[in-house]
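Visitor: Sequences listed follow chains A and B, in order.
All you need for the numbering used here is the position in the first sequence, starting with 1, plus 4.
All you need for the numbering used here is the position in the second sequence, starting with 1, plus 4.
Glycine included, each C-beta is placed from N, C-alpha and C at the ideal position.
Note that the structure is predicted; figures quoted are calculated from it, not measured.
Number of protein chains: 2
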Amino acid sequence: MQEDIIEKLIEQFRTLPGVGYKTAQRYAFSIIEGKNERAEKFADAIKEAKQKIGFCKVCGNFTDQEVCPICKSRNRKVICVVKEPKDILSMEKVKSYNGVYHVLFGTISPLEHRGPNDIKIKELLSRVQNDKVEEVIMATNPDVEGDATAMYIAKILKPLGVRVTRLAQGVAMGSDLEYADELTLSKALEARRDID
Amino acid sequence: MQEDIIEKLIEQFRTLPGVGYKTAQRYAFSIIEGKNERAEKFADAIKEAKQKIGFCKVCGNFTDQEVCPICKSRNRKVICVVKEPKDILSMEKVKSYNGVYHVLFGTISPLEHRGPNDIKIKELLSRVQNDKVEEVIMATNPDVEGDATAMYIAKILKPLGVRVTRLAQGVAMGSDLEYADELTLSKALEARRDID
């Protein structure tokens with residue numbers, strides 16, 4: 005039956021984050037109505053990405069090599085710690101950063117029964133010791149779990165004489181105070197700086 | 005380079021309707037972070053749909069056969085005329101409809117240089133004559149082009165003694181009058197019916 009084949013494709017599109025039935029249907033029709041080469045290319049890109057992209061064995065970044073280009077070429081004395089590989093892409097928009105990364109693959113979350121041993125903290129510790137790291141920048145998300153994880157790691161690393169910093173929290177550039185939430189505003193107020 | 009492979013996948017997702025860079029990136033990461041089998045299934049579903057699904061040679065519906073199941077099994081005396089194959093899926097939600105369909109693959113649009121000969125009107129005409137059709141329901145979109153196309157086809161078909169009808173236009177069920185546009189309201193008022 006033709007509907008089963010279309011439904012199968014719709015079901016696949018529904019597995020994408022935030023995609024409901026209607027959207028998945030639109031995507032599926034755009035494939036069916038599109039050119040053959042486009043569907044081929046699309047399918048091949050999915051397979052190729054899944055087959056070739058793995059995680060860097062040093063930092064956990066996405067890569068098709070054993071060690072990612074960032075780890076190979078940049079200053080290993082500064083490590084920016086993130087929750088997920090895709091956070092590296094966000095951080096990389098800050099062109100001035102020349103250090104390396106470390107992906108935790110999660111945050112400490114008692115609610116979800118995820119403790120310090122379930123994320124890559126041990127690996128971070130040994131990198132800090134082996135590479136004589138000078139600064140660890142905690143760039144986990146500014147939420148309860150991200151904060152708790154940052155605090156936990158700071159407590160372990162500080163006795164080793166490493167500087168541990170946290171991304172500043174405050175109002176976003178270009179945003180409107182009217183829409184800033186209470187917590188963000190209170191953090192921004194706490195961390196206020198002199199204008200000189 | 006790993007980024008090229010990921011970028012290639014992101015570019016493919018961007019070809020889907022309404023998908024910008026950020027969304028495409030989220031989709032791509034969900035593939036890379038997901039299981040191998042999921043990526044395989046996804047890619048295969050795309051290829052299979054594109055390879056096997058074509059158009060019914062009678063009505064233009066999506067099908068993996070020469071003639072679609074609707075054309076094979078339903079009342080051919082009533083034809084519902086739609087603009088695109090996917091409109092059939094919408095109409096099919098109305099479980100009570102037992103007639104067949106005809107896809108025009110477009111509407112008459114002087115602005116886009118699309119005349120009556122550029123859409124499947126000739127094919128409709130020969131179906132009406134060969135199958136002794138009793139009613140043609142024009143279900144093109146309720147916009148300028150859809151209306152014009154419906155009028156044009158009605159003019160051709162009426163001399164053949166076929167009843168030509170148009171989907172009723174009015175306020176949508178469950179909608180709020182406050183948000184109904186002028187044109188819809190005026191159509192709804194024009195076509196008002198006695199309550200008995």
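1. Let me make sure I understand the geometry here. Which of 124(B), 91(B) and 137(B) has the alpha-carbon closest to that of residue 162(B)?
2. Between the stretch 88-108 of chain A and the stretch 138-148 of chain A, do three or more beta carbon pairs fall short of 8 Å?
3. Going by C-alpha to C-alpha distance, which of 37(B), 167(B) and 63(B) sits closest to residue 1(B)?
4. Which residues in chain B sit within 8 Å of residue 21(A), going by Cβ to Cβ distance?
5. Cβ atoms of residue 68(B) and residue 35(A): under 8 Å apart, would you say?
6. Go ahead and pull the three-state DSSP assignment for residue 82(B).
7. Does the beta-carbon distance from residue 86(A) to residue 92(A) come in below 8 Å?
8. Output yes or no for whether 8 Å exceeds the beta carbon distance between residue 53(A) and residue 32(B).
9. Checking 8 Å against the spacing of the C-beta atoms, do residue 139(A) and residue 169(A) come in under that value?
10. Compare the C-alpha of residue 124(B) against each of 157(B), 184(B) and 21(B) and name the closest.
11. Assuming contact is defined by CB atoms lying nearer than 8 Å, are residue 55(A) and residue 45(B) in contact in what I supplied?
12. Using C-beta distances below 6 Å, list every residue in its chain close to residue 18(A), excluding the 5 sequence neighbours before and after it, in chain order.
13. Identify the continuous beta strand (DSSP E) that holds residue 105(A) and give its terminal residues.
14. Distance check for residue 94(B) and residue 187(B), CA to CA, integer angstroms please.
15. Run down chain A in chain order and give the residues with a C-beta less than 7 Å from the C-beta of residue 133(B).
16. Excluding sequence positions up to five away, which residues of its chain have a Cβ less than 7 Å from the Cβ of residue 134(B)?
17. Between which two residues does the beta strand (DSSP E) containing residue 168(A) stretch?
18. If you compare alpha carbons, which of 30(A), 159(A), 131(A) and 51(A) is closest to residue 88(B)?
19. If we count the other Cβ atoms within 10 Å of its Cβ and call it buried at 16 or more, is residue 131(B) buried or exposed?
20. Tell me which same chain residues have a C-beta within less than 8 Å of the C-beta of residue 24(A), skipping the five on either side of it?
21. Using only the alpha-carbon positions, how far apart do residue 181(A) and residue 113(A) sit?
22. Would residue 61(B) pass as a contact of residue 71(B) if the rule is Cβ separation under 8 Å?
23. Would residue 97(A) be called buried (16 or more neighbouring beta carbons within 10 Å of its own) or exposed?
24. When Cβ atoms are compared, which residues of the stretch 42-53 of chain B fall closer than 8 Å to chain A?
25. Going by DSSP in three states, residue 153(A) sits in which element: helix, strand or coil?
26. Given that a residue counts as buried once 16 or more other Cβ atoms are within 10 Å of its Cβ, and exposed if not, what is residue 65(B)?
27. Return the Cβ separation of residue 47(A) and residue 47(B) in integer angstroms, given the expectation that the two are a contact with Cβ distance under 8 Å.
28. Alpha carbon to alpha carbon, how far is residue 41(B) from residue 51(A)?
29. Between residue 176(A) and residue 195(A), how many whole angstroms is the CB-CB distance? I'm expecting something under 8 Å.
30. Name the chain E residues whose beta carbon is nearer than 9 Å to that of residue 40(A)?
31. Would you please verify whether the beta carbon of residue 12(B) is less than 8 Å from any beta carbon of chain A?
32. Where does residue 5(B) fall in DSSP's three states?
33. Under a CB-based cut-off of 8 Å, is residue 90(A) close to chain B?
34. Please confirm whether residue 160(A) and residue 129(A) have their CB atoms less than 8 Å apart.
35. Taking C-beta pairs closer than 7 Å, name the residues in chain A that residue 16(B) reaches, listed in chain order.
Guide: Quick answer:
1. Residue mapping note: residue 162(B) aligns to position 158 of the second sequence, counting from 1. Out of 124(B), 91(B) and 137(B), 137(B) has the C-alpha closest to the C-alpha of residue 162(B).
2. The stretch 88-108 of chain A is in contact with the stretch 138-148 of chain A.
3. The displayed coordinates of chain B run from 5 to 200. Any statement about residue 1(B) would go beyond what the structure contains.
4. For the purposes of this step, residue 21(A) is taken as the residue at position 17 of the first sequence. Neighbours of residue 21(A) on chain B, chain order: 30, 31 and 34.
5. Here residue 35(A) corresponds to residue number 31 of the first sequence, with the count starting at 1. Here residue 68(B) corresponds to residue number 64 of the second sequence, with the count starting at 1. Their beta carbons are not under 8 Å apart, which means residue 35(A) does not touch residue 68(B) by this criterion.
6. Position 78 of the second sequence, counting from 1, holds the residue named residue 82(B). Strand.
7. Locating residue 86(A) in the first sequence gives position 82, counting from the first residue. Locating residue 92(A) in the first sequence gives position 88, counting from the first residue. Yes, they are a contact pair.
8. Counting from one through the first sequence, the residue named residue 53(A) turns up at place 49. Counting from one through the second sequence, the residue named residue 32(B) turns up at place 28. Contact flag set, yes.
9. Taking the first residue of the first sequence as 1, we reach residue 139(A) at position 135. Taking the first residue of the first sequence as 1, we reach residue 169(A) at position 165. For residue 139(A) and residue 169(A), yes; Cβs fall inside 8 Å.
10. What you label residue 124(B) is simply residue 120 of the second sequence in a count that begins at 1. If we check each option's Cα against that of residue 124(B), 157(B) comes out closest.
11. What you label residue 55(A) is simply residue 51 of the first sequence in a count that begins at 1. What you label residue 45(B) is simply residue 41 of the second sequence in a count that begins at 1. Their beta carbons are not under 8 Å apart, which means residue 55(A) does not touch residue 45(B) by this criterion.
12. Translated into the one-based positions of the first sequence, residue 18(A) becomes position 14. Closer than 6 Å at Cβ, skipping near neighbours: 28.
13. On the first sequence, position 101 is the one that residue 105(A) refers to. From DSSP, the beta strand (DSSP E) with residue 105(A) extends over 103-107.
14. Locating residue 187(B) in the second sequence gives position 183, counting from the first residue. Locating residue 94(B) in the second sequence gives position 90, counting from the first residue. In a straight line, the C-alpha of residue 187(B) is about 23 Å away from that of residue 94(B).
15. Residue 133(B) sits at position 129 when you count from the first residue of the second sequence. What residue 133(B) touches in chain A: nothing, since even the nearest Cβ is about 28 Å away.
16. Working through the second sequence from its first residue, we reach residue 134(B) at position 130. Closer than 7 Å at Cβ, skipping near neighbours: no residue.
17. What you label residue 168(A) is simply residue 164 of the first sequence in a count that begins at 1. Looking at the DSSP string, the run of the beta strand (DSSP E) that includes residue 168(A) is 167-170.
18. Sequence index remark: in the second sequence, residue 88(B) carries index 84 (1-based). Answer by Cα proximity: 30(A).
19. Position 127 of the second sequence, counted from the first residue, corresponds to residue 131(B). Result: buried.
20. Taking the first residue of the first sequence as 1, we reach residue 24(A) at position 20. Setting aside the 5 residues that flank it on each side, residue 24(A) is surrounded in the same chain by 18, each with a C-beta closer than 8 Å to its C-beta; the list follows chain order.
21. Walking along the first sequence from the start, residue 181(A) turns up at place 177. Walking along the first sequence from the start, residue 113(A) turns up at place 109. So the alpha carbons of these two residues sit roughly 31 Å apart.
22. Counted from its first residue, the second sequence places residue 61(B) at position 57. Counted from its first residue, the second sequence places residue 71(B) at position 67. Going by C-beta atoms, residue 61(B) is nearer than 8 Å to residue 71(B).
23. Position 93 of the first sequence, counted from the start, is the residue given in the question as residue 97(A). Exposed, because fewer than 16 other Cβ atoms sit within 10 Å of the Cβ of residue 97(A).
24. So the close ones are 42, 43, 44, 45, 46, 47, 48, 49, 50, 51, 52 and 53.
25. Here residue 153(A) refers to the residue found at position 149 of the first sequence. Residue 153(A) falls in the helix class under three-state DSSP.
26. The residue labelled residue 65(B) in the question sits at position 61 within the second sequence. Counting Cβ neighbours within 10 Å, residue 65(B) comes out buried, since at least 16 surround it.
27. Counted from its first residue, the first sequence places residue 47(A) at position 43. Counted from its first residue, the second sequence places residue 47(B) at position 43. Residue 47(B) and residue 47(A) do touch by the CB rule: their CB atoms are close to 4 Å apart, below 8 Å.
28. Within the second sequence, residue 41(B) is the residue found at index 37, counting from 1. Within the first sequence, residue 51(A) is the residue found at index 47, counting from 1. Cα to Cα, residue 41(B) sits roughly 10 Å from residue 51(A).
29. Counting from one through the first sequence, the residue named residue 176(A) turns up at place 172. Counting from one through the first sequence, the residue named residue 195(A) turns up at place 191. Contact between residue 176(A) and residue 195(A) is ruled out by a C-beta separation of about 14 Å, above the 8 Å threshold.
30. The structure shown has no chain E; the protein chains it does contain are A and B.
31. Looking up residue 12(B) in the second sequence gives position 8. Proximity of residue 12(B) to chain A, defined by a Cβ-Cβ separation below 8 Å, is satisfied.
32. For the purposes of this step, residue 5(B) is identified with residue 1 of the second sequence, where counting begins at 1. At residue 5(B) the pLDDT is 45, less than 50, meaning the model places this residue with poor confidence; the figure from the coordinates comes in the next sentence. Here residue 5(B) sits in coil by DSSP.
33. Here residue 90(A) is taken as the residue at index 86 of the first sequence, counted from 1. Closer than 8 Å to some Cβ of chain B, the Cβ of residue 90(A) qualifies, so yes.
34. As a working mapping, residue 160(A) is identified with position 156 in the first sequence. As a working mapping, residue 129(A) is identified with position 125 in the first sequence. Yes, these two residues count as a Cβ contact at 8 Å.
35. Looking up residue 16(B) in the second sequence gives position 12. By Cβ distance, chain A contributes 45, 46 and 49.
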